[in-house]
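Residue numbers (our numbering), protein chains in the order written: chain A, 12 to 332; chain B, 12 to 332. Single-structure report; data block below.
2 protein chains.
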Amino acid sequence: MIRLLGMGNALTDVLMPIESDQLLNALGLPKGSMQLIDQEQFYRIRTQVSDIPRQLVCGGSAANTVTGASKLGVNSAFIGKVNDDEIGINYQHDLQYYGVDPRLLKSDQASGRSLVFISPDGERTFATYLGAAANLLPEDLYPELFRNSNFFYLEGYLVQNHDLFLKAVKMAKNEGMKVALDLASYNVVEENLDFLNQIIASSVDIVFANEEEAKALTGFQPEEALECIAKQVDIAVVKIGSRGAMAIRGEERVLVPAVASNCVDTTGAGDLFAAGFIYGMSKGRSLKDCTRYGTIIAGKVIEVVGPKMNNSVWEQLHSNF
Amino acid sequence: MIRLLGMGNALTDVLMPIESDQLLNALGLPKGSMQLIDQEQFYRIRTQVSDIPRQLVCGGSAANTVTGASKLGVNSAFIGKVNDDEIGINYQHDLQYYGVDPRLLKSDQASGRSLVFISPDGERTFATYLGAAANLLPEDLYPELFRNSNFFYLEGYLVQNHDLFLKAVKMAKNEGMKVALDLASYNVVEENLDFLNQIIASSVDIVFANEEEAKALTGFQPEEALECIAKQVDIAVVKIGSRGAMAIRGEERVLVPAVASNCVDTTGAGDLFAAGFIYGMSKGRSLKDCTRYGTIIAGKVIEVVGPKMNNSVWEQLHSNF
């Protein structure tokens, strides 16, 4: 049985409907853009938007995966770093609401968050302040965080801190865990190519990549990239967007077409693909079924805005698996 | 209980007393030198020395360590690659003679060997042909090689093949083994610095280094280098020649002076230090005792020429521990 432990940037989506796009101009945020902001920008924006009503939803790539897997009944936990502020407390409660064991470390910096400004026409503008999340350090990790889990899922964004990444992997392996890595984004892969190639070869058992990430890692088109990654790991998965997903485990090869979807917003598609795949593994399903579950859930989440789905959708998905 | 599995270059020392140093001139080997020779040089030299009587002794850094540990009663095995030639068959028998389980892979190339020319005045000239040993490839490794062992000891020389090194470490970790690494030589460290730093942080539990290797790895003098390495691993050991050896395990720090020795030849000192240290670990002894056993055995082997000691010396050492 899989006991999943995710680790990643603990980021809360702060959803704020705005009455006019003029606010975006005042904040210096191009409509529709996604950008990282530093502490100074964050403090400045925060004072300007303090009156806007907001909804808080726990997010971050790996956290989306573990909350999704938990919704499907997988025993799940999450390591991340927050502050004791409202956002951090809400983050912990949100994880618990999703049935995820929160293994949260505490930082003096404000909790990480994505400010999501929703324009009157529905378009979204993102400003992400990593804050406490980026303050997760190797010395924060201790063996007990990794106990009672056997499957470690890391988001590639954490590779920005090599020492943290290496220590996390070592601790997971010392507990005998399988290690799964989602490559996160092709920028991340390009910027950390040697590091990622080595850590995948030495310590990773399962790789999730989309085609841009797979190309950045291997230099190849999806089919060849998949073969190349599969030489290094037990299971390699390359998602090929509207064409579906491919996977290799040993001599076994599968290609699963995408399900027909009314795509609205691809946010969370990769995160929840992994949730479905891991759910399949936890049930001992075939490679084809694991991949199929991934594509089905990814096909559902792109029909809504944001990475979260209603309970009723989860229940319907779960009952079909 | 430790069940030791070593992996390294399977090299046989071919000891050849020569009647005159003129042979060295004819072979193009400066007296007293140590050099790697390629296949062409090897074939040429081999035909010129085929008449000289010889003694074969299994060697190679990690093999010296596991044969030594086995002499002290540690359950031991060894992974290496040889040919089915006389040297390879002798290598297997020699390991068995030492009580080591030979997990030998086979190559079409001639077995690796160090031709050791012993001049009339006792001076030695080395010409090493890696042959089959250097032909150990990642695709040669399969999980069964790593079964029934729980402690993996790698010689740093293997780092010349990154893919082999990474796959070996992954397979060992997947069997839940502790991984120990001896850094082999400062050249090896300098040439593979980023690779070694990453693999130590992600996957190595015990590091053995002498002061040159520790400096090459960290840039620091021995004391500081030891602290630096200890941050990455469970146990860090830095050997400081005639001053002895230092080790750190968690908060525990020890410095053990060298034993007084009549130093004749330091060959094998590092290899057998590790054998003594691992023997101590296998008996659950203190960090200080493990380090002490290492220095005592190293102090003995430097009193003889070559990396091997008589049975009577081993028995005397063993009875004192």
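We put the beta carbon where it would ideally sit given N, CA and C, even for glycine. Predicted model only: the values in this text are computed from it and were never measured.
- Taking a 10 Å sphere around the C-beta of B/Ser-72, we find 16 or more other C-beta atoms and assign the residue as buried.
- Within the model, the alpha-carbon separation for A/Thr-76 versus A/Asp-193 is close to 10 Å.
- For A/Ile-210, the chain B residues whose C-beta falls within less than 8 Å of its own C-beta are Gln-209 and Ser-213, listed in chain order.
- Restricting attention to A/Leu-15, A/Ser-61 and A/Lys-117, the CA atom closest to the CA of A/Ala-74 is found in A/Leu-15.
- Beta-bridge annotation (DSSP): A/Met-45 is paired with A/Phe-137.
- Runs of the beta strand (DSSP E) lying entirely within the region 97-138 of chain B, each at least 3 residues long, are 111-117 and 124-129 in chain order.
- No Cβ-Cβ contact shorter than 8 Å links A/Ile-251 with A/Glu-224.
- If you check the CB distance, A/Ile-29 and A/Ile-129 come in under 8 Å.
- As computed with DSSP, A/Val-93 is found in a beta bridge with A/Lys-117.
- Under the three-pair Cβ rule at 8 Å, the region 135-144 of chain A counts as touching the region 36-56 of chain A.
- Separation of A/Tyr-164 and A/Ala-191 (C-alpha to C-alpha, rounded to the nearest whole angstrom) is 5 Å.
- Against chain B, the CB of A/Phe-206 has a partner CB under 8 Å away; the residue lies at that interface.
- At a cut-off of 8 Å between C-beta atoms, A/Val-180 counts as an interface residue with respect to chain B.
- For A/Leu-177, the neighbours in chain B by C-beta distance under 7 Å run, in chain order, Gln-209, Ala-212 and Ser-213.
- Shown here, A/Phe-157 sits in a helix according to DSSP, grouped into three states.
- Counted as a single uninterrupted DSSP element, the alpha helix (DSSP H) harbouring B/Ile-210 occupies residues 204-214.
- Assignment of beta-bridge partners to A/Lys-226 by DSSP yields no partner.
- When Cβ-Cβ separations below 8 Å define contact, A/Gly-187 makes contact with chain B.
- Contact between the region 226-244 of chain A and the region 197-206 of chain A is present: three or more C-beta pairs spanning the two stretches fall below 8 Å.
- With a threshold of 8 Å between beta carbons, A/Asp-193 makes no contact with chain B.
- Contact between A/Tyr-108 and A/Gly-123 does not hold, since the beta-carbon distance rounds to 19 Å and is not under 8 Å.
- Burial state of B/Cys-301 is buried, judged by a 10 Å Cβ sphere holding 16 or more other Cβ atoms.
- The alpha-carbon of B/Leu-26 is positioned some 35 Å away from that of B/Pro-233.
- In this structure the region 142-149 of chain A touches the region 171-182 of chain A; the number of beta carbon pairs closer than 8 Å is three or more.
- Straight-line measurement puts the Cα of B/Lys-181 at about 20 Å from the Cα of B/Ala-195.
- Per DSSP, A/Tyr-164 is one residue of the beta strand (DSSP E) stretching across 162-166.
- Contact annotation: in the region 162-174 of chain A, residues whose CB is within less than 8 Å of a CB in chain B are His-173 and Asp-174.
- From the beta-carbon of A/Lys-299, no residue of chain B is found nearer than 7 Å; the closest lies around 24 Å away.
- DSSP links B/Met-257 through a beta bridge to B/Val-249 and B/Leu-266.
- Rounded to the nearest angstrom, the gap between the Cα atoms of A/Ile-307 and A/Gly-142 is 34 Å.
- Chain-order list of chain A residues neighbouring B/Lys-294: empty, with the shortest C-beta distance near 22 Å, by a criterion of under 9 Å.
- Of all alpha-carbon atoms in B/Glu-235, B/Thr-278 and B/Tyr-102, the one lying nearest the alpha-carbon of B/Ile-259 is that of B/Glu-235.
- In this structure, DSSP gives A/Cys-274 a state outside helix and strand, which the three-state scheme calls coil.
- Per DSSP, reduced to three states, the secondary structure at B/Pro-64 is coil, with no helix or strand assignment.
- Note that the C-beta distance between B/Asp-245 and B/Ile-217 is below 8 Å.
- In terms of CA proximity to B/Ala-271, B/Lys-311 leads the group B/Lys-311, B/Gln-243 and B/Ile-240.
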